[in-house]
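Some notes on the structure that comes next.
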(Lines of atoms letter the chains of each structure in order from A and count residues from 1; the text may use other names and numbers.)
(Lines give C-alpha, C1' and ligand atoms only; values in the text may rest on other atoms or scores of the structure.)
Protein backbone atom coordinates (compact mmCIF):
# COMPACT_ATOMS: atom_id res chain seq x y z
CA UNK A 1 0.00 0.00 0.00
CA UNK A 2 2.84 2.37 0.91
CA UNK A 3 4.57 1.65 -2.38
CA UNK A 4 1.35 2.37 -4.25
CA UNK A 5 0.86 5.68 -2.40
CA UNK A 6 4.47 6.56 -3.06
CA UNK A 7 4.14 6.05 -6.81
CA UNK A 8 0.85 7.93 -7.06
CA UNK A 9 2.15 10.90 -5.08
CA UNK A 10 5.34 11.03 -7.09
CA UNK A 11 3.35 10.90 -10.33
CA UNK A 12 1.24 13.85 -9.16
CA UNK A 13 4.32 15.87 -8.22
CA UNK A 14 6.16 15.05 -11.43
CA UNK A 15 3.11 15.79 -13.57
CA UNK A 16 2.52 19.07 -11.72
CA UNK A 17 6.19 19.93 -12.11
CA UNK A 18 6.21 19.37 -15.87
CA UNK A 19 2.80 20.96 -16.50
CA UNK A 20 3.57 23.95 -14.29
CA UNK A 21 6.92 24.46 -16.03
CA UNK A 22 5.35 24.37 -19.49
CA UNK A 23 2.44 26.63 -18.49
CA UNK A 24 4.83 29.09 -16.84
CA UNK A 25 6.95 29.12 -19.99
CA UNK A 26 3.88 29.74 -22.19
CA UNK A 27 2.70 32.54 -19.90
CA UNK A 28 6.10 34.25 -19.81
CA UNK A 29 6.57 33.89 -23.59
CA UNK A 30 3.12 35.40 -24.22
CA UNK A 31 3.91 38.28 -21.87
CA UNK A 32 7.24 39.00 -23.58
CA UNK A 33 5.67 38.79 -27.03
CA UNK A 34 2.82 41.18 -26.17
CA UNK A 35 5.21 43.63 -24.52
CA UNK A 36 7.41 43.57 -27.62
CA UNK A 37 4.61 43.92 -30.18
CA UNK A 38 2.48 46.65 -28.61
CA UNK A 39 3.41 50.35 -28.72
CA UNK A 40 5.60 51.14 -25.78
CA UNK A 41 7.76 48.48 -24.26
CA UNK A 42 9.02 47.91 -20.73
CA UNK A 43 12.50 48.50 -19.40
CA UNK A 44 15.08 45.72 -19.42
CA UNK A 45 13.10 43.55 -21.87
CA UNK A 46 16.23 41.72 -23.18
CA UNK A 47 17.26 40.86 -19.60
CA UNK A 48 13.75 39.57 -18.85
CA UNK A 49 13.78 37.53 -22.06
CA UNK A 50 16.97 35.79 -20.90
CA UNK A 51 16.33 35.34 -17.18
CA UNK A 52 12.64 34.34 -17.07
CA UNK A 53 12.57 31.45 -19.61
CA UNK A 54 16.01 30.21 -18.50
CA UNK A 55 14.97 30.21 -14.85
CA UNK A 56 11.70 28.38 -15.55
CA UNK A 57 13.39 25.66 -17.61
CA UNK A 58 16.20 25.10 -15.07
CA UNK A 59 13.90 25.07 -12.03
CA UNK A 60 11.63 22.53 -13.73
CA UNK A 61 14.59 20.33 -14.69
CA UNK A 62 16.30 20.34 -11.29
CA UNK A 63 13.03 19.86 -9.41
CA UNK A 64 12.37 16.78 -11.53
CA UNK A 65 15.88 15.45 -10.82
CA UNK A 66 15.35 15.90 -7.09
CA UNK A 67 11.97 14.16 -7.22
CA UNK A 68 13.56 11.21 -9.00
CA UNK A 69 16.37 11.06 -6.45
CA UNK A 70 14.17 11.17 -3.36
CA UNK A 71 11.78 8.68 -4.93
CA UNK A 72 14.59 6.11 -5.03
CA UNK A 73 16.09 6.98 -1.65
CA UNK A 74 13.32 5.50 0.49
CA UNK A 75 10.40 3.14 0.48
CA UNK A 76 8.31 6.02 1.79
CA UNK A 77 7.09 8.98 -0.26
CA UNK A 78 9.81 11.58 0.14
CA UNK A 79 10.03 15.15 -1.18
CA UNK A 80 11.65 18.14 0.52
CA UNK A 81 9.16 20.84 1.49
CA UNK A 82 11.11 23.49 -0.44
CA UNK A 83 10.84 21.57 -3.71
CA UNK A 84 7.16 20.84 -3.08
CA UNK A 85 6.48 24.55 -2.55
CA UNK A 86 8.34 25.44 -5.77
CA UNK A 87 6.37 22.89 -7.80
CA UNK A 88 3.06 24.05 -6.31
CA UNK A 89 3.78 27.74 -6.94
CA UNK A 90 4.95 27.19 -10.53
CA UNK A 91 1.76 25.27 -11.24
CA UNK A 92 -0.71 27.55 -9.44
CA UNK A 93 0.71 30.98 -10.34
CA UNK A 94 0.36 30.88 -14.17
CA UNK A 95 -2.91 28.94 -13.87
CA UNK A 96 -4.49 31.60 -11.67
CA UNK A 97 -3.15 34.40 -13.89
CA UNK A 98 -4.53 32.82 -17.07
CA UNK A 99 -7.89 31.91 -15.53
CA UNK A 100 -8.39 35.33 -13.92
CA UNK A 101 -7.34 37.15 -17.09
CA UNK A 102 -9.97 35.41 -19.22
CA UNK A 103 -12.83 35.02 -16.71
CA UNK A 104 -12.91 38.30 -14.75
CA UNK A 105 -13.69 40.45 -17.86
CA UNK A 106 -16.54 38.06 -18.72
CA UNK A 107 -18.04 38.31 -15.25
CA UNK A 108 -17.52 42.08 -15.18
CA UNK A 109 -19.25 42.91 -18.47
CA UNK A 110 -22.03 40.41 -18.13
CA UNK A 111 -22.64 39.35 -21.74
CA UNK A 112 -21.44 35.80 -21.07
CA UNK A 113 -23.14 33.61 -23.68
CA UNK A 114 -21.33 34.86 -26.84
CA UNK A 115 -17.97 34.62 -25.09
CA UNK A 116 -18.65 31.10 -23.82
CA UNK A 117 -19.03 29.97 -27.43
CA UNK A 118 -15.56 31.26 -28.33
CA UNK A 119 -12.67 28.72 -28.44
CA UNK A 120 -10.27 31.51 -27.48
CA UNK A 121 -12.07 31.65 -24.13
CA UNK A 122 -12.28 27.91 -23.46
CA UNK A 123 -8.69 26.99 -24.38
CA UNK A 124 -6.99 29.23 -21.77
CA UNK A 125 -9.78 28.51 -19.25
CA UNK A 126 -9.22 24.74 -19.55
CA UNK A 127 -5.42 25.14 -19.41
CA UNK A 128 -5.73 27.28 -16.29
CA UNK A 129 -8.24 24.98 -14.61
CA UNK A 130 -6.04 21.91 -15.14
CA UNK A 131 -3.12 23.80 -13.60
CA UNK A 132 -5.21 24.81 -10.56
CA UNK A 133 -6.29 21.20 -10.00
CA UNK A 134 -2.72 19.87 -10.36
CA UNK A 135 -1.42 22.62 -8.09
CA UNK A 136 -3.96 21.72 -5.41
CA UNK A 137 -3.10 18.01 -5.71
CA UNK A 138 0.65 18.71 -5.50
CA UNK A 139 0.00 20.82 -2.40
CA UNK A 140 -1.87 17.90 -0.84
CA UNK A 141 0.91 15.49 -1.81
CA UNK A 142 3.53 17.83 -0.38
CA UNK A 143 1.65 18.13 2.95
CA UNK A 144 1.20 14.36 3.07
CA UNK A 145 4.88 13.86 2.33
CA UNK A 146 5.81 16.32 5.07
CA UNK A 147 4.36 13.96 7.66
CA UNK A 148 6.35 10.91 6.56
CA UNK A 149 9.38 12.41 4.86
CA UNK A 150 11.98 11.55 7.49
CA UNK A 151 14.29 8.81 6.27
CA UNK A 152 15.82 5.99 8.31
CA UNK A 153 19.43 6.61 9.25
CA UNK A 154 20.87 4.14 6.77
CA UNK A 155 18.94 5.74 3.91
CA UNK A 156 19.60 9.35 4.84
CA UNK A 157 21.34 10.19 1.59
CA UNK A 158 21.98 13.52 0.00
CA UNK A 159 21.67 14.39 -3.69
CA UNK A 160 24.85 15.12 -5.54
CA UNK A 161 26.12 18.62 -4.89
CA UNK A 162 25.59 19.78 -8.48
CA UNK A 163 21.87 19.07 -8.14
CA UNK A 164 21.56 21.19 -5.01
CA UNK A 165 23.65 24.02 -6.41
CA UNK A 166 21.81 23.83 -9.74
CA UNK A 167 18.41 24.08 -8.08
CA UNK A 168 19.29 27.11 -5.96
CA UNK A 169 21.05 28.82 -8.85
CA UNK A 170 17.96 28.22 -11.00
CA UNK A 171 15.72 29.71 -8.32
CA UNK A 172 18.04 32.73 -8.07
CA UNK A 173 17.89 33.25 -11.87
CA UNK A 174 14.09 32.98 -11.92
CA UNK A 175 13.70 35.25 -8.88
CA UNK A 176 15.94 37.90 -10.45
CA UNK A 177 13.87 37.74 -13.65
CA UNK A 178 10.59 38.12 -11.73
CA UNK A 179 11.94 41.07 -9.71
CA UNK A 180 13.23 42.85 -12.83
CA UNK A 181 9.97 42.18 -14.70
CA UNK A 182 7.91 43.47 -11.76
CA UNK A 183 10.05 46.59 -11.39
CA UNK A 184 9.85 47.33 -15.12
CA UNK A 185 6.05 46.95 -15.18
CA UNK A 186 5.61 49.16 -12.10
CA UNK A 187 7.83 51.83 -13.64
CA UNK A 188 5.60 51.93 -16.73
CA UNK A 189 6.24 51.40 -20.44
CA UNK A 190 9.06 52.92 -22.44
CA UNK A 191 8.53 54.34 -25.91
CA UNK A 192 11.08 54.74 -28.69
CA UNK A 193 10.81 58.46 -29.44
CA UNK A 194 11.24 59.78 -32.95
CA UNK A 195 11.14 63.23 -34.52
CA UNK A 196 10.65 63.91 -38.24
CA UNK A 197 10.84 67.15 -40.24
CA UNK A 198 10.18 67.68 -43.92
CA UNK A 199 9.57 70.54 -46.36
CA UNK A 200 8.13 70.46 -49.89
CA UNK A 201 8.98 73.34 -52.19
CA UNK A 202 7.86 74.27 -55.69
CA UNK A 203 9.12 77.32 -57.59
CA UNK A 204 5.96 77.37 -59.72
CA UNK A 205 6.28 79.01 -63.13
CA UNK A 206 9.56 80.73 -62.34
CA UNK A 207 12.54 79.42 -64.30
CA UNK A 208 15.10 81.28 -62.23
CA UNK A 209 16.58 79.99 -58.99
CA UNK A 210 14.35 80.66 -55.99
CA UNK A 211 15.66 81.22 -52.49
CA UNK A 212 13.55 80.24 -49.50
CA UNK A 213 14.04 80.99 -45.80
CA UNK A 214 12.06 78.50 -43.72
CA UNK A 215 11.54 77.95 -39.98
CA UNK A 216 13.46 75.11 -38.34
CA UNK A 217 12.67 73.08 -35.19
CA UNK A 218 14.26 74.44 -32.02
CA UNK A 219 15.10 72.27 -29.00
CA UNK A 220 13.76 74.38 -26.13
CA UNK A 221 15.87 72.53 -23.55
CA UNK A 222 19.08 73.95 -25.03
CA UNK A 223 17.60 76.84 -27.07
CA UNK A 224 19.42 75.64 -30.17
CA UNK A 225 18.46 74.21 -33.56
CA UNK A 226 17.26 70.63 -32.92
CA UNK A 227 19.81 67.96 -33.82
CA UNK A 228 17.28 66.32 -36.15
CA UNK A 229 18.50 68.91 -38.67
CA UNK A 230 21.85 67.08 -38.75
CA UNK A 231 19.99 64.32 -40.62
CA UNK A 232 18.44 66.63 -43.24
CA UNK A 233 18.76 65.39 -46.84
CA UNK A 234 17.31 66.21 -50.24
CA UNK A 235 15.10 63.20 -50.99
CA UNK A 236 13.51 64.47 -54.20
CA UNK A 237 14.74 66.98 -56.77
CA UNK A 238 17.88 69.09 -56.42
CA UNK A 239 18.62 71.88 -53.98
CA UNK A 240 21.37 73.55 -51.97
CA UNK A 241 20.67 74.32 -48.33
CA UNK A 242 22.23 75.56 -45.08
CA UNK A 243 21.21 76.88 -41.66
CA UNK A 244 21.55 80.67 -41.49
CA UNK A 245 20.72 83.62 -39.25
CA UNK A 246 18.04 86.06 -40.38
CA UNK A 247 16.35 89.13 -38.90
CA UNK A 248 13.59 86.80 -37.65
CA UNK A 249 15.88 84.10 -36.23
CA UNK A 250 17.46 80.84 -37.35
CA UNK A 251 16.28 79.65 -40.76
CA UNK A 252 16.76 76.93 -43.31
CA UNK A 253 17.96 78.59 -46.53
CA UNK A 254 17.10 76.53 -49.61
CA UNK A 255 18.03 77.41 -53.20
CA UNK A 256 16.33 75.48 -55.98
CA UNK A 257 15.06 75.86 -59.56
CA UNK A 258 12.21 73.35 -59.45
CA UNK A 259 10.28 71.06 -57.11
CA UNK A 260 12.21 69.50 -54.25
CA UNK A 261 11.66 67.69 -50.97
CA UNK A 262 13.98 67.83 -47.95
CA UNK A 263 13.44 65.46 -45.03
CA UNK A 264 15.07 64.48 -41.75
CA UNK A 265 14.28 61.79 -39.19
CA UNK A 266 15.98 60.97 -35.90
CA UNK A 267 15.40 58.48 -33.07
CA UNK A 268 15.74 60.14 -29.68
CA UNK A 269 15.97 57.11 -27.39
CA UNK A 270 13.52 55.38 -25.04
CA UNK A 271 11.46 57.45 -22.61
CA UNK A 272 8.75 56.73 -20.03
CA UNK A 273 5.29 58.30 -19.67
CA UNK A 274 6.23 61.56 -17.94
CA UNK A 275 9.59 61.91 -19.65
CA UNK A 276 7.92 61.25 -23.02
CA UNK A 277 5.25 63.91 -22.41
CA UNK A 278 7.90 66.44 -21.48
CA UNK A 279 9.96 65.53 -24.54
CA UNK A 280 6.90 65.76 -26.81
CA UNK A 281 6.48 69.47 -26.12
CA UNK A 282 10.19 70.31 -25.96
CA UNK A 283 10.32 71.35 -29.65
CA UNK A 284 9.29 74.70 -31.07
CA UNK A 285 9.83 76.64 -34.29
CA UNK A 286 12.23 79.40 -35.10
CA UNK A 287 10.95 82.59 -36.74
CA UNK A 288 7.70 82.56 -34.74
CA UNK A 289 5.48 85.56 -35.43
CA UNK A 290 2.75 84.64 -32.96
CA UNK A 291 0.92 81.72 -31.29
CA UNK A 292 -2.88 81.64 -31.24
CA UNK A 293 -4.16 78.58 -29.35
CA UNK A 294 -3.16 75.63 -31.55
CA UNK A 295 -2.25 77.80 -34.55
CA UNK A 296 1.29 79.06 -35.02
CA UNK A 297 2.30 81.77 -37.46
CA UNK A 298 5.89 81.70 -38.68
CA UNK A 299 7.90 83.94 -40.96
CA UNK A 300 8.99 82.56 -44.35
CA UNK A 301 10.65 84.13 -47.35
CA UNK A 302 10.51 83.41 -51.08
CA UNK A 303 12.55 85.35 -53.64
CA UNK A 304 9.95 84.81 -56.42
CA UNK A 305 6.18 84.82 -56.54
CA UNK A 306 3.87 81.84 -57.22
CA UNK A 307 6.02 79.38 -55.27
CA UNK A 308 4.43 76.90 -52.86
CA UNK A 309 5.55 75.57 -49.50
CA UNK A 310 4.68 72.60 -47.31
CA UNK A 311 6.15 72.11 -43.82
CA UNK A 312 5.58 69.25 -41.41
CA UNK A 313 7.15 68.47 -38.05
CA UNK A 314 6.08 65.42 -36.02
CA UNK A 315 7.15 63.96 -32.68
CA UNK A 316 6.20 60.38 -31.74
CA UNK A 317 6.67 59.35 -28.10
CA UNK A 318 6.57 55.66 -29.09
CA UNK A 319 3.78 54.86 -26.63
CA UNK A 320 0.54 56.37 -27.92
CA UNK A 321 0.99 60.05 -28.85
CA UNK A 322 2.08 61.85 -32.00
CA UNK A 323 2.32 65.65 -31.95
CA UNK A 324 2.27 67.28 -35.40
CA UNK A 325 2.80 70.75 -36.79
CA UNK A 326 1.65 71.14 -40.38
CA UNK A 327 1.32 74.11 -42.72
CA UNK A 328 -2.23 75.13 -43.65
CA UNK A 329 -3.56 77.61 -46.17
CA UNK A 330 -4.77 80.97 -44.97
CA UNK A 331 -7.44 81.66 -47.58
CA UNK A 332 -11.12 81.15 -46.56
CA UNK A 333 -11.79 78.99 -49.63
CA UNK A 334 -9.08 76.45 -48.87
CA UNK A 335 -7.99 76.65 -45.22
CA UNK A 336 -6.60 73.11 -44.92
CA UNK A 337 -4.21 73.03 -47.85
CA UNK A 338 -0.92 71.38 -46.95
CA UNK A 339 1.00 73.17 -49.70
CA UNK A 340 0.64 76.90 -49.14
CA UNK A 341 0.99 79.44 -52.01
CA UNK A 342 3.63 82.10 -51.39
CA UNK A 343 4.15 85.61 -52.61
CA UNK A 344 7.47 87.32 -53.11
CA UNK A 345 9.31 88.51 -49.99
CA UNK A 346 8.74 87.99 -46.28
CA UNK A 347 5.32 86.77 -45.18
CA UNK A 348 3.70 84.61 -42.49
CA UNK A 349 2.42 81.06 -42.86
CA UNK A 350 0.06 79.33 -40.44
CA UNK A 351 1.08 76.01 -38.84
CA UNK A 352 -1.66 73.96 -37.20
CA UNK A 353 -0.71 71.85 -34.16
CA UNK A 354 -2.55 68.58 -33.53
CA UNK A 355 -2.14 65.68 -31.12
CA UNK A 356 -3.04 62.20 -32.37
CA UNK A 357 -3.47 59.36 -29.88
CA UNK A 358 -3.15 55.73 -30.96
CA UNK A 359 -3.35 52.32 -29.27
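Numbering (the numbering used here), first residue to last: 5 to 363. The beta carbon of each residue, even a glycine, is placed where N, CA and C say it ideally should be.
If you draw a straight line from the Cα of residue 315 to the Cα of residue 185, it is about 42 Å long. When Cβ pairs closer than 8 Å are counted between the two stretches, the region 294 to 311 is seen not to touch the region 265 to 284, the count staying below three.
The beta carbon of residue 132 sits closer than 6 Å to those of 99, 102, 103, all from its chain and outside the five residues before and after it, given in chain order.
Minimum Cα-Cα distance from residue 191 among the listed residues 45, 328, 38 corresponds to 45. Residue ranges of uninterrupted alpha helix (DSSP H) with 4 or more members, entirely inside the region 35 to 110 and ordered along the chain, are 49 to 77.
Contact fails between the region 168 to 188 and the region 196 to 207, because fewer than three Cβ pairs, one in each stretch, are under 8 Å apart. It is roughly 20 Å from the alpha-carbon of residue 53 to the alpha-carbon of residue 172. Counting only the Cα atoms, residue 273 lies some 38 Å from residue 96. Per DSSP, the unbroken beta strand (DSSP E) holding residue 271 starts and ends at 264 to 275. The Cβ neighbour count for residue 240, taken over all protein chains shown within 10 Å, is under 16; the residue is labelled exposed. Residue 349 counts as exposed, since fewer than 16 other C-beta atoms from the protein chains shown sit within 10 angstroms of its C-beta. As summarised for the region 181 to 213, there are no continuous alpha helix (DSSP H) elements at least 4 residues long confined to that stretch. Taken through DSSP and simplified to helix, strand or coil, residue 21 comes out as helix. Per DSSP, the beta-bridge partners of residue 259 are 215, 244.
DSSP places residue 313 inside the beta strand (DSSP E), whose first and last residues are 312 to 320.
Taking the CA atoms as reference points, residue 198 sits about 15 Å from residue 362. One thing to note: residue 228 has its Cβ no nearer than 8 Å to the Cβ of residue 288. With respect to the C-alpha of residue 90, the residue from 75, 76, 68, 105 having the closest C-alpha is 68.
Beta-bridge partners assigned by DSSP to residue 249: 254. Distance from the CA atom of residue 342 to the CA atom of residue 251, rounded to whole angstroms, is 26 Å.
The C-beta distance from residue 359 to residue 310 rounds to 34 Å, too long to meet the 8 Å contact threshold. In the structure shown, residue 306 adopts extended strand secondary structure according to DSSP, grouped into three states.
Going by beta carbons, residue 268 and residue 232 fall inside the 8 Å limit. Between residue 64 and the set 86, 39, 26, 38, the nearest pair of CA atoms involves 26. When secondary structure is reduced to three states using DSSP, residue 230 falls in the coil class, being assigned neither helix nor strand. In terms of Cβ geometry, residue 266 and residue 243 form a close pair [threshold 8 Å].
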